[in-house]
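Have a look at the structure below before the remarks.
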Amino acid sequence: MGDEDQQWVKYKDDYHEGVWAKDVLEIPFLEGFFKSFAEEKLKQGKPWKALDVGCGMGKYTTRLLRAGASYVLAIDVAAEMVAGAKKETEQFLLAHRSGGPAGIGEAEFHVCSAAHLTSIPRIEETTFDLAICIYLFCNLVSKEDVKQALGEISKLLRPGASLIVYELHFVEYLTGTAHERGDVEYVPKADGTGYKYFEDEGKPRTLRIRMKSGRQIEIVNRFYTLSFWVTALSEAGFQITQFHEPHTSLTDVPSDAPSFMRHYAERPTAMCWVCTKVSQ
């Protein structure tokens, strides 16, 4: 595990607590997708299995189970994150099963890089119905790693299965600066020049995130161009069915949110690819 793979380990508790932007934008958006997906599977009368690739501390592992997944395989490259996700999920399952059977599924956890998913013992290819990758690819260090990870995910999904990729918006990456008032602030280049769309694709950039605890953490990530995403997803066997730019309006900002949340209203801070695995 490289230095950038380990960067979230020291912040695992902060990561679990989260940031305000997740509460008012990311989580509601993704929960809406999970609900719609589950309703469609219910109409078909079929149980469904999900992959949570880059599961972190299990924030979405439990939400997939709550939505109705019969089985979730959660993977992260950091052992500390996997341990945290397992603990969070065990507590969730205990709470939901304490009153008797509640139709909640099972979860399994593995320490593994996204680029080597098929190396997990006893894993079966073409058996999963949904894969989610939430801020996964911005943490991978090269285009080759992104393509390899997409290829591994594709192998595990059934034909017709869904993939959801939720990433930082490239506009935020290119324009965000440490001088703006927000809970995500990018450190500018040392020479003072701005970041450029094609020139800085795949290059590391440091960002500071103000967590809900008030603590500021600092990590490194990357962005990839739209043309790269379209090509990489297609080469991995996916058809892009939807592209979203989730955003909030001023009326969406809760009254108890910190003032800097208004900074993000109507701002493209995230982008979400929804794809279908094409039969091969």
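So for the sequence shown, this note's numbering puts the first residue at 1; every next one is plus one.
Beta carbons are placed, not taken as given, at the ideal position from N, Cα and C, and that holds for glycine.
Only a predicted model underlies this, so the values are computations on that prediction, with no experimental measurement involved.
Inter-residue Cα distance where the pair is residue i and residue j
i      : j      : result
Val141 : Ala38  : 33 Å
Phe282 : Tyr186 : There is no way to answer for residue 282, as the model of the chain reaches only from 1 to 280.
Lys43  : Glu218 : 44 Å
Glu235 : Asp256 : 45 Å
Ile132 : Leu51  : 6 Å
Gly68  : Val220 : 34 Å
Val53  : Val274 : 15 Å
Glu88  : Ala78  : 16 Å
Leu136 : Ala107 : 20 Å
Arg122 : Phe223 : 33 Å
Tyr195 : Thr175 : 7 Å
Lys22  : Thr206 : 20 Å
Glu266 : Ser249 : 5 Å
Pro246 : Met271 : 6 Å
Which of helix, strand or coil DSSP assigns to residue i
i      : result
Asp252 : helix
Val220 : strand
Met271 : strand
Phe33  : helix
Phe128 : strand
Phe243 : strand
Val171 : helix
Phe109 : strand
Asp52  : strand
Ala178 : Bear in mind that a pLDDT of 49 at Ala178, under 50, signals an unreliable position, so the number given afterwards is only what the model happens to contain. In the structure shown, Ala178 sits in coil (DSSP, three-state: anything other than H, G, I, E or B).
Phe238 : strand
Thr118 : helix
Val165 : strand
Met1   : For Met1, the predicted model reports a pLDDT of 48, less than 50, meaning its position is unreliable and no value from the coordinates is stated.
Pro28  : helix
Ala265 : strand
Lys277 : strand
Of the listed residues the options, nearest to residue i (C-alpha basis)
i      : options                        : result
Phe243 : Tyr166, Ile209, Val278, Ser113 : Tyr166
Gln239 : Glu245, Trp229, Leu65, His247  : Trp229
Lys49  : Phe128, Ala149, Ser119, Tyr197 : Phe128
Ser119 : Leu163, Lys46, Leu156, Lys59   : Leu156
Gly105 : Val111, Glu152, Ile209, Ser70  : Ser70
Glu125 : Leu163, Ser213, Glu152         : Glu152
Thr276 : Leu226, Gly237, Tyr60          : Gly237
Thr269 : Asp252, Ala161, Pro204, Leu168 : Leu168
Glu80  : Arg210, Gly56, Asp252, Arg66   : Gly56
His110 : Ala85, Leu93, Glu90            : Ala85
Residue burial classification, residue i (beta-carbon count within 10 angstroms, cutoff 16)
i      : result
Asp191 : exposed
Thr231 : exposed
Ser113 : buried
Val72  : buried
Val278 : exposed
Phe170 : buried
Lys189 : exposed
Leu64  : buried
Arg97  : exposed
Tyr197 : exposed
Span of the beta strand (DSSP E) around residue i
i      : result
Thr62  : Counting along the chain, Thr62 falls outside any beta strand (DSSP E), though it belongs to the alpha helix (DSSP H) covering 59-67.
Ile75  : 71-76
Val230 : That residue, Val230, is in no beta strand (DSSP E); its alpha helix (DSSP H) goes 226-235.
Gly84  : Gly84 -> not in any beta strand (DSSP E); alpha helix (DSSP H) instead, spanning 79-97.
Lys155 : Counting along the chain, Lys155 falls outside any beta strand (DSSP E), though it belongs to the alpha helix (DSSP H) covering 143-156.
Ile209 : 205-210
Val184 : 184-186
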